[in-house]
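Residue numbers (this note's numbering), protein chains in the order written: chain A, 4 to 229; chain B, 4 to 229. Presented below is the structure to which this report refers.
Printed below as a string of structure tokens:
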């Protein structure tokens, strides 16, 4: 693989190493084109090309007139699992849910044991925001992903937060929208997960997440029947 | 996000839609630059830029003098979870393994129920190839990932094969190498997983995968002690 890599790809990797080496965090500014070019021993046009690649990988973002900054998306690309190539959207939603059944109950139980007070406060806030949208009949995809990603972060596993973004992301959503009854159930089970985590009750958090996912499965089934 | 997208990113998305629309499979040739430019109503240089982005996302690959082809990596990028930004490699390996404990036993059990004769033959071949490298004291990372990805494919879940590539991929490997004793254990437990799947015994496949992962955990522990 490496031998076939283009120069711009190699320079893109070098820039990533620079970000890691300088411990730049999301929102931090990168060295300018001129500095990068001289540091990496390549032309400025190659640096520009490499930065375009890193933009498309969500590693950096360009703010016009201000420079290039480390992206908040931490290098998680738009469609990391290539799900856009699977054209049966109901199948993708169902199979993503199957995966969530394997992973998320245990994460909720880990979060009950490991979450810090700050993480608990964040989960409460995100649960509220998501519930508000759910009950108002609005789209809650983004708030929902944020809530589940916060639980994943609170689990203490460093790999899963980025994975949660995929599992609960756009591909997991059906083209339709849940009924008002279903929205109430989803909001209610979210709150049960949160209460169990706050009570440091790992077993209850596990069970509450299972129940929530079972409701998600019902929601998908209802929507595919319509 | 969409409003800030560069023209080249939009054209890259259009090319992906073309690949999906024409049902092009890995190894199939893309329409040439001229045809793409006229179909998408943009200049050839924009098409060239967009193709570079798709190369870096492993959606397509360029074969010099032959053209642009759909990549066998199905759009799974090099580091889809942004694991390169997590600098504690032992921690990443340990946490990836924790995830594998949640997912892979169930996949093995699904594979016991769902695998076709062709998939079984493939798993046998990959198990042999991996065992050969393991026992010869050579690096077996690639063969190992292929074997686990084949089990994931045989599970029937359309999402997990691409995920297996991440879970068992380079980041899950310690910088060191397992001892000869450990290699024998890993090869033996691989074979037990395969036998259980071939015998259509889902429970035994589940347990064999658990035992294999427990050996992987030991292997990581041994390597971090050295």
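Where a beta carbon is used, it is the ideal one built from N, C-alpha and C, also for glycine. Note that the structure is a prediction, hence the values are computed from the model and not measured.
Residue nearest to residue i in terms of C-alpha spacing, selected from the options
i	options	result
residue 227(B)	212(B), 94(B), 75(B), 44(B)	94(B)
residue 219(A)	119(A), 175(A), 60(A), 204(A)	175(A)
residue 68(B)	171(B), 35(B), 222(B), 141(B)	35(B)
residue 201(B)	84(B), 158(B), 115(B)	115(B)
residue 53(A)	10(A), 32(A), 42(A)	10(A)
residue 187(A)	215(A), 72(A), 31(A), 92(A)	215(A)
residue 31(A)	137(A), 45(A), 75(A), 57(A)	75(A)
residue 213(A)	29(A), 44(A), 141(A), 111(A)	111(A)
residue 63(B)	104(B), 96(B), 21(B)	21(B)
residue 73(B)	25(B), 42(B), 107(B)	25(B)
residue 15(B)	29(B), 49(B), 28(B)	49(B)
residue 33(A)	44(A), 58(A), 12(A)	58(A)
residue 17(A)	29(A), 45(A), 28(A)	45(A)
residue 140(B)	185(B), 199(B), 117(B)	185(B)
residue 138(A)	157(A), 225(A), 183(A)	183(A)
residue 142(B)	149(B), 107(B), 180(B)	180(B)
residue 108(B)	208(B), 225(B), 221(B)	208(B)
residue 12(A)	41(B), 60(B), 40(B)	60(B)
residue 221(B)	177(B), 23(B), 27(B)	177(B)
residue 197(A)	157(A), 164(A), 225(A)	157(A)
residue 29(A)	41(A), 39(A), 65(A)	65(A)
Min CB distance residue i to chain A below 9 Å
i	result
residue 56(B)	yes
residue 45(B)	no
residue 6(B)	Because the pLDDT at residue 6(B) is just 40, under 50, the model does not fix this residue reliably, and the point stays unresolved.
residue 50(B)	no
residue 160(B)	yes
residue 89(B)	yes
residue 119(B)	no
residue 105(B)	yes
residue 98(B)	yes
residue 156(B)	no
residue 95(B)	yes
residue 109(B)	yes
C-beta neighbour in chain B for residue i, strict 9 Å
i	result
residue 186(A)	no
residue 112(A)	no
residue 122(A)	no
residue 224(A)	no
residue 14(A)	no
residue 165(A)	yes
residue 60(A)	yes
residue 218(A)	no
residue 102(A)	yes
residue 11(A)	yes
residue 84(A)	yes
residue 25(A)	no
Presumed contact (8 Å Cβ cut-off) between residue i and residue j, rounded CB distance
i	j	result
residue 230(A)	residue 153(A)	Beyond the ends of chain A as shown, which are 4 and 229, falls residue 230(A); an answer cannot be given.
residue 37(A)	residue 47(A)	7 Å
residue 134(B)	residue 217(B)	Not really, about 19 Å apart at Cβ, beyond 8 Å.
residue 171(B)	residue 151(B)	4 Å
residue 168(A)	residue 99(B)	Not confirmed; about 16 Å, so no contact.
residue 166(B)	residue 146(B)	19 Å between Cβ atoms; not a contact.
residue 173(B)	residue 155(B)	Contact flag wrong, Cβ pair sits at about 17 Å.
residue 223(A)	residue 97(A)	6 Å
residue 159(B)	residue 102(B)	Actually they do not touch by this definition, with Cβ atoms about 20 Å apart.
Start and end residues, alpha helix (DSSP H) containing residue i
i	result
residue 163(B)	163-170
residue 37(A)	36-43
residue 150(A)	144-157
residue 119(A)	Here residue 119(A) belongs to no alpha helix (DSSP H), and DSSP marks it neither H nor E.
residue 21(A)	10-24
residue 71(A)	Looking at the DSSP string, residue 71(A) is not in any alpha helix (DSSP H); the run it does join, the beta strand (DSSP E), is 70-73.
residue 212(A)	205-228
residue 194(A)	183-201
residue 180(A)	Looking at the DSSP string, residue 180(A) is not in any alpha helix (DSSP H), and its letter there is neither H nor E.
residue 53(A)	47-59
Residue i, enclosing beta strand (DSSP E) - first and last residue
i	result
residue 66(B)	63-66
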